[in-house]
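Residue numbers (the working numbering): 10 to 435.
Structure (structure tokens):
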């Protein structure tokens, strides 16, 4: 049976790293029993020359002797500090772990969907399988081993996504057990240990002007986010909270990817002023393409994160089983008249306030992303209406010229991780 690199225990890394222990059964780690590499092609076998950092290795081709600087597919490890760059907390440990998994002289097989696949600096992007002396096969997936130990963010490449579900599952296990870079005290004593913060991503229909990440204080104590940083899987840090970013319980900040003036249109809004969106639409299993929002404190510890799309390990969303479609009208007459008399009413049947940060409504005629701050108290309702009246706290009027509901169809309320929370068919 093919096997993957796994750990039977979590090791504390110091300057010297003990070689990892290899698990004997992939099934015990929640991995597929069949060949997980069947959708990628083996192109080369090579010998490890040296490890550069936590996701890059230099190898020499066994046949031609040509040297390549290979980038592991599936993960993005913390950056190792260099003379020119400070790197990230955890960068040295990630590099040490990869060195332990791939000692100099290790034979490896290099796979990808596209032989010409390259990343930054024209590095070949490959699934790297180490040779296993026990089985006599190349069946030790190095990126999976790093992910399982907690030394990589989930990093997807659209043209090389056939292994992404496998790596995502390993990363979720490391997150749940706070291994590696997910240890909240990896970078020093935990700051504001009572802080409880949620992240929600709104992709905004692929429009940078509508793309946001909402950071909400879900705890009972005030949290000062001054100097804390948001990042995604590929960008080391794309927004740092300025001085005075204090969240009382229930308060939030909506960080817009695009351009705008801070505190407009509400006092909760801040802007990154990017020209291009960060977040892409997901693929489908097993070829998932996704990303995440990650909140780091001033020391560099990962304090909160949100990744999409959801996979089997995702916890149930706050709105699952509590947010319902209470009423829906297809409208009256035809054309604009019908469009402006349509509505959908949502209700919170739960016992706690539910905020729709990052939620959206999908119909045949409309995708509507609920603005941050749209919150329903227990028993409360919220209505989306096609009419042109003035909106208020419980009703938003959209002034629709075309129907949002067709005469036959469906309406779905979907979370930011693409979980369907409520649905109405007609």
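Beta carbons: idealized from backbone N, C-alpha and C, even for Gly.
Please read all numbers here as calculations on a predicted model, not as lab measurements.
Note down the Cα distance separating residue i from residue j, rounded to an integer number of angstroms.
i	j	result
residue 222	residue 319	17 Å
residue 352	residue 244	40 Å
residue 402	residue 419	25 Å
residue 256	residue 381	15 Å
residue 182	residue 157	7 Å
residue 119	residue 271	47 Å
residue 130	residue 397	53 Å
residue 42	residue 283	In this prediction, residue 42 scores a pLDDT of 46, lower than 50, which makes its location untrustworthy; the coordinate-derived value is nonetheless stated afterwards. Cα to Cα, residue 42 sits roughly 43 Å from residue 283.
residue 192	residue 180	13 Å
residue 53	residue 159	27 Å
residue 114	residue 323	39 Å
residue 144	residue 252	57 Å
residue 413	residue 140	56 Å
residue 116	residue 268	49 Å
residue 153	residue 106	12 Å
residue 417	residue 427	23 Å
residue 429	residue 370	10 Å
residue 379	residue 109	47 Å
residue 186	residue 347	52 Å
residue 189	residue 155	9 Å
residue 387	residue 327	13 Å
residue 250	residue 383	23 Å
Suppose contacts are defined by Cβ-Cβ distances below 9 Å. Is residue i in contact with residue j by that definition?
i	j	result
residue 368	residue 313	no
residue 339	residue 237	no
residue 355	residue 375	no
residue 333	residue 431	yes
residue 51	residue 69	no
residue 103	residue 161	yes
residue 151	residue 81	yes
residue 199	residue 97	no
residue 85	residue 325	no
residue 296	residue 173	yes
residue 345	residue 410	yes
residue 394	residue 377	no
residue 277	residue 293	no
residue 66	residue 169	no
residue 234	residue 45	no
residue 100	residue 90	yes
residue 83	residue 164	yes
residue 305	residue 359	no
residue 456	residue 197	The first residue shown for the chain is 10 and the last is 435, placing residue 456 beyond what the model contains.
Would you mind giving the Cβ-Cβ distance between residue i and residue j, rounded to the nearest angstrom? I have them listed as a contact below 8 Å.
i	j	result
residue 135	residue 121	5 Å
residue 225	residue 366	6 Å
residue 363	residue 390	Residue 363 to residue 390, Cβ: 12 Å. No contact.
residue 315	residue 422	So it is not a contact: roughly 18 Å between Cβ atoms.
residue 78	residue 60	Going by Cβ atoms, the distance from residue 78 to residue 60 rounds to 11 Å, so no, they are not a contact pair.
residue 208	residue 302	5 Å
residue 415	residue 349	Contact doesn't hold; Cβ gap of about 15 Å is too wide.
residue 281	residue 265	7 Å
residue 87	residue 63	6 Å
residue 290	residue 212	7 Å
residue 317	residue 300	7 Å
residue 111	residue 57	5 Å
Taking the alpha helix (DSSP H) that residue i belongs to, which residues open and close that run?
i	result
residue 180	173-185
residue 72	Premise fails: residue 72 is in no alpha helix (DSSP H) and is neither H nor E.
residue 347	344-348
residue 155	151-157
The beta strand (DSSP E) spanning residue i covers which residue range?
i	result
residue 372	369-372
residue 104	First-last for residue 104: 100-110, but that is the alpha helix (DSSP H), not the beta strand (DSSP E).
residue 141	134-141
residue 83	83-85
residue 301	300-305
residue 166	Here residue 166 belongs to no beta strand (DSSP E), and DSSP marks it neither H nor E.
residue 313	311-317
residue 238	238-240
residue 223	221-226
residue 278	278-280
residue 338	332-338
residue 401	No beta strand (DSSP E) contains residue 401, which DSSP labels as neither H nor E.
residue 352	352-357
residue 50	50-62
residue 428	Residue 428 -> no beta strand (DSSP E), and no H or E assigned at all.
Cβ of residue i less than 9 Å from any chain B Cβ?
i	result
residue 370	Among the chains of the structure shown, chain B does not appear; only one protein chain is present.
Mind checking whether the beta-carbon of residue i lies closer than 8 Å to any heavy atom of the ligand MG?
i	result
residue 61	Ligands displayed in this structure: none; no statement on the ligand MG is therefore possible.
ask   = Is the stretch 225-235 in contact with the stretch 199-206, if contact means three or more CB pairs nearer than 8 Å?
value = yes
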